[in-house]
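The structure appears below as structure tokens.
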Amino acid sequence: MALTPCPLPATVTDAVIDVSHHNGAIDWPAVAAAGIALAFLKATQGERFIDPAFARNRRAAAAAGISVVPYHFLDSADPAAQAAHFLATAGLAPGDAAMIDWESAAPAAALVAFGSAIGARTGRDPLAYYGAAQLPAADPLLSRWPLMLPAYPRGTMSGDYRSLVLSPPRLPPGRAASWHAGRPYDFHQYTPAGRIAGIAGPVDRSIWVGTLGELATWFATGALPPPKPALVG
């Protein structure tokens with residue numbers, strides 16, 4: 025199956041990270057002072073695991089003025105049980121944002137089932153994290169949900185978005201068609217080796233496609249900005 029490249033977005037906000045207990049103790053005021061506006065925090069994995077740093081990171085990041093989105097690492101266990109575990113741990117309320125990290129061997133149907141359960145609780149589409157090689161064929165529901173695209177053009181090299189991303193990333197099936205043609209992804213995780221004040225080691229860094237104000241609107245309401253002109257890489 026041919027994987028489709030897409031243009032680079034013209035407007036991005038390089039102010040997003042995702043962390044777990046593997047990142048160690050985090051100085052969240054320093055992270056905020058470095059310009060990070062939103063952090064995805066690992067909450068759960070599978071049916072039982074709870075990230076031991078989740079509650080601490082959630083409190084401290086929010087206190088530092090950073091928007092916080094919990095995420096679940098989906099594995100091959102029953103998706104309904106995983107969704108119940110995540111919802112109980114994250115305490116999601118109607119309107120809250122959530123992300124699903126799909127990089128295991130769980131089938132796409134499990135991602136759909138898990139995400140549908142989360143959407144039923146929150147009343148908004150969940151953000152799905154997967155790459156071009158993960159999804160074998162387009163799925164109508166996944167094509168509608170917002171996407172965090174993991175694509176590392178310079179491997180594990182550190183740097184910011186403008187220095188590392190010079191050509192368009194590859195898209196998963198279904199993301200270049202229909203209304204997503206102008207907005208094929210919403211976040212792009214562009215390096216697993218970013219550096220940020222307040223975090224001692226490497227950290228996953230991502231851009232949001234849009235302005236800082238549009239990122240705040242998505243966090244609060246789930247509304248995505250309209251497509252904008254793109255830069256062809």
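So for the sequence shown, this note's numbering puts the first residue at 25; every next one is plus one. All residues carry an ideal CB built from backbone N, CA and C; glycine is no exception.
Just to confirm, is the Cβ distance from residue i to residue j under 7 Å?
i	j	result
Leu-146	Leu-116	Per the sequence presented here, residue 146 reads as Thr, with Leu not at that position. Yes. Within cutoff.
Leu-159	Pro-208	no
Trp-278	Ala-84	The question about residue 278 has no answer, for the chain in this structure spans 25 to 257.
Val-233	Val-36	yes
Asp-75	His-45	yes
Ser-230	Val-40	yes
Gln-153	Asp-125	Checking the sequence, you will find Tyr at residue 153 rather than Gln. Yes, the pair counts as a contact, with Cβ atoms nearer than the cut-off.
Gly-70	Asp-99	yes
His-212	Leu-173	yes
Ala-114	Pro-131	no
Taking all protein chains shown into account, do 16 or more other C-beta atoms lie within 10 angstroms of the C-beta of residue i, making it buried, or fewer, making it exposed?
i	result
Leu-190	exposed
Arg-186	exposed
Pro-192	buried
Arg-168	exposed
Ala-134	buried
Met-123	buried
For residue i, which option in the options has the closest C-alpha, if you only look at C-alpha atoms?
i	options	result
Arg-148	Ala-121, Leu-62, Leu-188, Arg-80	Ala-121
Gly-89	Ala-58, Pro-251, Ala-144	Ala-58
Ala-162	Gly-218, Ile-220, Leu-195, Phe-211	Leu-195
Ala-105	Ala-87, Asn-81, Phe-73	Phe-73
Three-state secondary structure (DSSP) at residue i?
i	result
Ala-161	coil
Ala-175	coil
Ala-56	helix
Leu-190	coil
Curious, which full-length beta strand (DSSP E) runs of at least 3 residues does the segment 204–255 contain? 211–218, 227–233
Mind listing, in chain order, the continuous alpha helix (DSSP H) runs of no fewer than 4 residues lying wholly within the segment 75–158? 78–87, 103–114, 132–146
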